[in-house]
Ligand code: ARG
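In my numbering, the protein residues as written are 72 to 474.
Structure follows, in structure tokens:
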């Protein structure tokens, strides 16, 4: 019988490099690497990644540039839904898994593979996302998860890399586990495992410490069409470029760091440190624009839907019927979320200081306290009396107004 073939999500790092050779030896399978760029790769490293995969014994390696697709098909939707897990985390890693899996599956088809593989541990969310998406998109493919069963420590992996002549840059004392893409960066492990210890400065790369930020504020004007950014400071550009530029600007002001304890799908509470300058700045801008564009009841209902969407993304259910249904609701709310927001950057801060929209619902003549007021003041007295009638009756009979 021919050996099975597995397409492995390959990052070029220590674990997935060891996994290539380990799966071949332990499970007698052929391995094709598939490295998907969602903004974490330096194009100059492509050659090194290719060489490492081949040195580890891969049959072949594909490097796929999914940056624009990630922005246009995934991040745009997350942004329209202001997606923040547990009210804070913009779902950096969670959002990248479905696009990576789509490419893994396509790559598996091209290579007529029997399964896909990933390097996630058994304690995290990422295994859930990889496997649930794979089983949804391609239920016939087997899933291989070597790191979940091999029981190797980091030091043992490094020894194996040496023994197998796999060129890796890892050092035995690397303390953080990092996952990143254009939406931000997730940092775990090391001293961060004590939730009482303040995060040290060293692991941050997308944000400066706010005490080193420029003292002069800087404004950015983000233009939106139907809830998706289409321009920056008046210049039309791709969503990916906007994300990159906003991320650099906000990061240079030390904006976007998060420190939280979050609830993983597998039931563990975990201390997470993030830096998310682009995503948090763009969500701030989008929410600000929605403030003048969404009718009140739509805005309130949307907040409920947003919480559910964030949970679905976090829990690996991007590819699910509920997600499509809720996204259809969000999409319909975004019809008139077209306009501009002026964001102000100050050390450690990013906030809206101006917004305008051609179909906005802000009506100056209704809102003004100056001349030109069109609000019918005489309607208010009766409205307010009826609004309070129920509690007034309660008070008289049963509450503080009763005797
Ligand atoms: N806790 C985050 C999530 O579940 C980030 C996980 C990132 N993985 C990592 N290797 N640091 O989405």
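Ideal placement from N, C-alpha and C gives every residue a C-beta, glycine not left out. Only a predicted model underlies this, so the values are computations on that prediction, with no experimental measurement involved.
Distance cut-off 6 Å: residue i Cβ against heavy atoms of the ligand ARG
i           : result
residue 106 : no
residue 250 : yes
residue 164 : yes
residue 259 : yes
residue 196 : yes
residue 343 : yes
Proximity to residue i [Cα-Cα], best of the options
i           : options               : result
residue 398 : 152, 88 and 92        : 152
residue 328 : 237, 257 and 174      : 257
residue 300 : 237, 147 and 219      : 147
residue 319 : 294, 384, 204 and 278 : 278
residue 242 : 234, 236 and 226      : 226
residue 224 : 408, 291 and 89       : 89
residue 105 : 112, 87, 96 and 81    : 81
residue 83  : 127, 73 and 338       : 127
residue 276 : 304, 323 and 264      : 323
residue 238 : 77, 340, 253 and 120  : 120
residue 288 : 267, 310 and 325      : 325
residue 380 : 268, 165 and 114      : 165
residue 273 : 295, 453 and 246      : 246
residue 265 : 307, 344, 205 and 195 : 344
residue 364 : 336, 467 and 433      : 433
residue 110 : 311, 458, 317 and 469 : 311
residue 401 : 375, 385, 95 and 386  : 375
residue 355 : 337, 386 and 295      : 295
residue 342 : 403, 407 and 267      : 267
residue 244 : 408, 262 and 251      : 262
residue 407 : 149, 462 and 431      : 431
residue 386 : 336, 422 and 421      : 336
residue 98  : 206, 143, 73 and 116  : 73
residue 422 : 291, 458 and 149      : 291
residue 259 : 448, 346 and 95       : 346
residue 231 : 143, 372 and 96       : 96
residue 251 : 161, 117 and 448      : 161
residue 141 : 270, 309 and 469      : 309
residue 116 : 181, 240 and 447      : 240
Supposed contact pair residue j and residue i - C-beta distance, whole angstroms, cut 8 Å
i           : j           : result
residue 255 : residue 163 : 4 Å
residue 405 : residue 298 : 3 Å
residue 135 : residue 174 : 5 Å
residue 107 : residue 171 : 5 Å
residue 370 : residue 361 : 7 Å
residue 352 : residue 321 : 4 Å
residue 419 : residue 286 : Actually they do not touch by this definition, with Cβ atoms about 12 Å apart.
residue 131 : residue 228 : Their Cβ separation, rounded to whole angstroms, is 23 Å, which puts residue 131 and residue 228 out of contact at 8 Å.
residue 428 : residue 453 : Contact flag wrong, Cβ pair sits at about 33 Å.
residue 484 : residue 138 : Nothing in the structure corresponds to residue 484, since the chain is present only between 72 and 474.
residue 47  : residue 334 : Residue coverage of the chain in this structure runs from 72 to 474, which leaves residue 47 outside it and unanswerable.
residue 123 : residue 235 : Actually they do not touch by this definition, with Cβ atoms about 11 Å apart.
Residues near residue i in its chain [Cβ-Cβ closer than 8 Å; skip 5 each side]
i           : result
residue 198 : 189, 191, 192, 216 and 219
residue 383 : 389, 391, 393, 394 and 397
residue 368 : none
residue 466 : 472 and 473
residue 196 : 164, 165, 335, 336, 337, 385, 386 and 387
Sequence-distant residues of the same chain with beta carbon closer than 7 Å to residue i, five excluded per side
i           : result
residue 443 : 436
residue 159 : 329 and 331
residue 213 : 185 and 186
residue 388 : 203 and 394
residue 339 : 194
residue 358 : 153
residue 438 : none
residue 377 : 152, 153 and 154
residue 304 : 291 and 292
residue 248 : 259 and 260
residue 270 : 263, 330 and 344
Same chain, Cβ closer than 6 Å to residue i, neighbours up to 5 away in sequence not counted
i           : result
residue 75  : 100 and 185
residue 424 : 413 and 415
residue 209 : 176
residue 145 : 166 and 170
residue 114 : none
residue 178 : 78, 105 and 133
residue 313 : 300 and 303
residue 373 : 404
Contact test: residue i Cβ vs the ligand ADP heavy atom, cutoff 6 Å
i           : result
residue 366 : Ligands present in the displayed structure are limited to the ligand ARG, and the ligand ADP is not among them.
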